[in-house]
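The sequence shown maps to residues 1 to 622 in the working numbering.
Just so it is clear, CB atoms sit at the ideal spot from N, CA and C, and this is done for glycine as well.
Note that the coordinates shown come from a computational prediction; the quantities given were computed from them, not determined experimentally.
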Amino acid sequence: MNPVTQAKIHGVHSSLLLATLLMTSFAVVGCDDGVDRVRAIERERQTRVQKDTEVDHLGEVHSLLSRLVELNPQESQREILYHLNRWKQANNEVDAKVTPLISTVNAVRTEDELKAITEQPLFAASDIDHLRDCYLFRQISEWVDREPEEDPLLTAWLNEQEAKLSEEDAGKLRTAVRFFDWTVRNVGYQPLQPESSLPPHPPFNGMEQPTFSLGMKFQGPGYRQTDYETVWRGLGDSLQRAGVFTQLCRQASIPAFVLATQSDQNGQLKPWSVGILIGEDIYLFEPELGCFVPGPGQVGIATLGEARSDASVMRRLNVVSFFDYPLSKADIQQSIALLNVTPEAVSLRMKMLQDGLTGDRRMQTFVDVDTLAGKIDAMPGIAGVRLWDVPILAEIYAAELEAAAIRDPLLNFWSRAAWSILEDLSDNSKLLALARWRHLHGQFDKDEEEDADGARVLYLAQRAPEFEIEDLGINVDLQKAYGVRRELGMSEEQYNSQLKYAQDLMRMSKNAATFWVSLIQYEDERYETAQTWFSKRVLDPELVSRREFTGDTLSPWTPSARYNLGRSLERSGKFDQAIELYKTDGDPQEHGNRLRARLLAKQLAASDEPDTPPNAAGEETE
C-alpha cells in the first residue's frame, strides 16, 4: 500500500474516532443542548425567509422600471428578474393554458417556440421589454387622458354621444380619441418603405444592405422598429402608429385592433385602419392619414357598420385632383382583426403579475385574447381574429440586424449612429434620454418633492448655439465636454471625420430637443408659445432652406412640426392659416392633412351659415 493511501485511511479512521467521541460526549451530557442548537438554526432560517417575504418585490420592480433610463441595462434587468421570480415563488401557480390563437403566427415563429415562451413558469429576460412597454404606455395614457386634450373637430360630436352611449362607453370613446390625437401629433409620419433605405451621403451610400429571413426587407414596413422605439423616437410609419395607439388603448382597457383586408388571390393581409370596439360598434381610425374616418355626412367618426353600408364614407376619403383612397365600400365588407400582442402578453405569469399589481403600480401586462377575440369575431364585418405578426417580426428583424452589424463595421456604425443621440452611453445622450423619459411621463417641469428637473429644462440644455457647434474644432473645453479628442497617431482626416460626426450629433440633439420642447408647449396649452417654437425654431425658413439645399437629413421633424403648427393655430382660432398649412405640397401626410383641412372648413362654414352646405374649401369629394 502506498504512503498516500495509508495516510487517507489513517485520516478516515481518525475522523470516525473523533465523531464517535463527540457522540458519546453528547449522550453523556444529554440532548438538550443539541436540540436547542437545532431550534436556534431553524429560527434563524425562518427569520431570513420572513424578511425576504416582507420585501416588497413588486414595489422594487415598479421602482426599477420607473428609473430604467438612468440605470445600467444589464444590472437593472438582473434586478428586475430577481424580484419578479422571488415574488412568484411566494404565489401559487395554476396550470398554464396556451391560447389557440398562438397558431395564427406560427409562420414567423414555430409553435414550439411560442409555447415555450408562453408556458415557461419563471420570468425570463424577454419579459423585461414587455414590462417596460406596459409601464411606459401606462404612464403616457395616464396624463394624455385628460381635459381638454381631445381633437376639437370631434368635441361637439363626442358630447352628443354621451346621450347615446352608456357613461362608461362614452368615456372610453373620448379616451380613444385623445390617444389617437396624441399619437398622430407625437409620432411623425414616415412612409411604410423609405424611398431610400440608406442616407444618401457618404460613407453610407456604399454600404451593402443586409438580407433578412421571412421575406423581410431592410428598413421594411412596421417591423423596422418596435412600438417602444416608435414612441421613444417620435417617428414611425402607419403600422407603427397603429402599434402605439393600440398599446395606449390596452392600458385603458379599451379593445383596439388592426383591421386588414385579405387578398382573394394569395391570402395576403393589408392593414388599413385601427378599430375600437365600444358598445355595439367598431369605430375607425386611419393611422396613415393621421385622421379618424369621418362618418356619414363627414360628421363624427365612422363605424365599421356605416362604412360597410354607406358608400360615401369610404368615397369621401378621396381628395379630388390630389389623392384617391385605395379602398372602397366593396373592399371592406370583410376584415381580419389583428391583435397587437406578443407571446409574453398571453402567458400565465403575466396574468398572475397583473392580478398582483395594485394602486399606482397597476398596468395591463396580460391580454385575455380568447375572450377578446370572441367579442370581436361576433361583430358584423369581421371575418376572423388573429395575432398580429408585426411585433414578433420586429424582434426577429432587430436580432438579425444586430448579427449583420457585427459582421459589417459600416452597418454597425450606421445602425448605432441613427439614434445614438438617445441610445449611446455618452453624458450628452444620457441627458437627452432622461429628458425624453420625463417628457413621456408628462413631467414637464421641476418636481420639487424629488428635486428633479423636468423635460423642458433638460431639453433646453441640449440646444447648443450654432457658434458653439462651429467652434468645436478650436475650443478645447468644448471638445472635452463632447468627448472629441485627437488620439496619438490619429490622422488629420480621421480627426476631422470624428469632429464632423460630433457636430452632427450636437445638431441632431438640438433639433430633436427643439421639436420636443415645442410639443410640450402645446401639451401645456400654451398655444401661442407653441406657434412661436414650431414656426421660428423648428420651421425657420433659413434653416429649412439650408437643409433642403445641402440635403441635410439631421432634422426629420419638419413635416410633423408643420402639422403641429397647424393644430396650434386651430387652438388659437386661426383657422384659415391652419387650413393653408395643411395643404402644403409634398408632406408625407399630405393626403390626411388635406382631409383635415376639408373637415375644418366644413365645420367653419356650418358654424357661420348652418343652412349652406360647404364645399370643403374648394375640394369636392364626390
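Under the DSSP assignment, residue 273 falls in the beta strand (DSSP E) whose first and last residues are 269-278. Boundaries of the beta strand (DSSP E) harbouring residue 261: 256-262, taken from the DSSP string.
The beta carbon of residue 570 is closer than 8 Å to those of 152, 578, 600 in its chain, skipping five residues each way along the sequence.
Nearest Cα to residue 440 within the set 187, 107, 172, 485: 187. The C-alpha of residue 402 is placed about 8 Å away from the C-alpha of residue 412. Counting every other CB atom within 10 Å of its CB across the protein chains shown gives residue 506 a total of 16 or more, marking it as buried. Ranking 521, 555, 91, 242 by CA distance to the CA of residue 539 puts 555 first. Comparing C-alpha distances from residue 458 to each of 341, 516, 449 shows the shortest one belongs to 516.
Excluding the 5 residues flanking it on each side, residue 241 has same chain C-beta neighbours closer than 6 Å at 183, 187, 287, in chain order.
Scanning its chain for C-beta atoms nearer than 6 Å, with the 5 sequence neighbours on each side dropped, one finds around residue 310 the residues 296, in chain order.
Non-local C-beta neighbours of residue 437 in its own chain, meaning closer than 7 Å and more than five positions away in sequence, comprise 69, ordered along the chain.
Contact annotation: residue 421 and residue 497 have beta-carbon atoms that are not nearer than 8 Å. Closest by C-alpha distance to residue 398, out of 368, 226, 481, 580, is 226. Around the beta carbon of residue 167, fewer than 16 other beta carbons sit within 10 angstroms, so the residue counts as exposed.
For the options 442, 113, 127, 381, the alpha carbon positioned closest to that of residue 80 is the one of 127.
Residues 502 of the same chain have their beta carbon placed closer than 6 Å to that of residue 482, with the five preceding and five following residues left out of the count. Within the same chain, Cβ atoms closer than 7 Å to the Cβ of residue 461 are found at 431, the five residues on either side in sequence being excluded. Of 98, 282, 245, 409, the smallest CA-CA separation from residue 207 is found for 409. Its Cα nearest to that of residue 337, the residue 270 stands out among 293, 270, 356.
In this structure, the CA atom of residue 142 is about 32 Å from the CA atom of residue 381. For residue 170, the enclosing alpha helix (DSSP H) begins and ends at 167-186. Taking C-beta atoms as the reference points, residue 383 and residue 443 fail to come closer than 8 Å. For residue 383, the uninterrupted beta strand (DSSP E) segment begins and ends at 382-387.
Annotation for residue 375: 255, 277 place their beta carbon closer than 8 Å to its own, counting only its chain and skipping 5 residues before and after. In terms of Cα proximity to residue 558, the closest of 379, 574, 534, 573 is 534. Cβ atoms of residue 180 and residue 591 stay farther apart than 8 Å, at about 17 Å. Going by C-alpha positions, residue 562 is about 9 Å away from residue 587. A direct Cα-to-Cα measurement between residue 387 and residue 479 gives close to 50 Å. Note that the C-beta distance between residue 169 and residue 279 is below 8 Å. One Cα belongs to residue 260, the other to residue 446, and the distance between them is close to 44 Å.
In the structure shown, the three-state DSSP call for residue 337 is strand. Boundaries cannot be given for residue 587, as no alpha helix (DSSP H) includes it and DSSP labels it neither H nor E.
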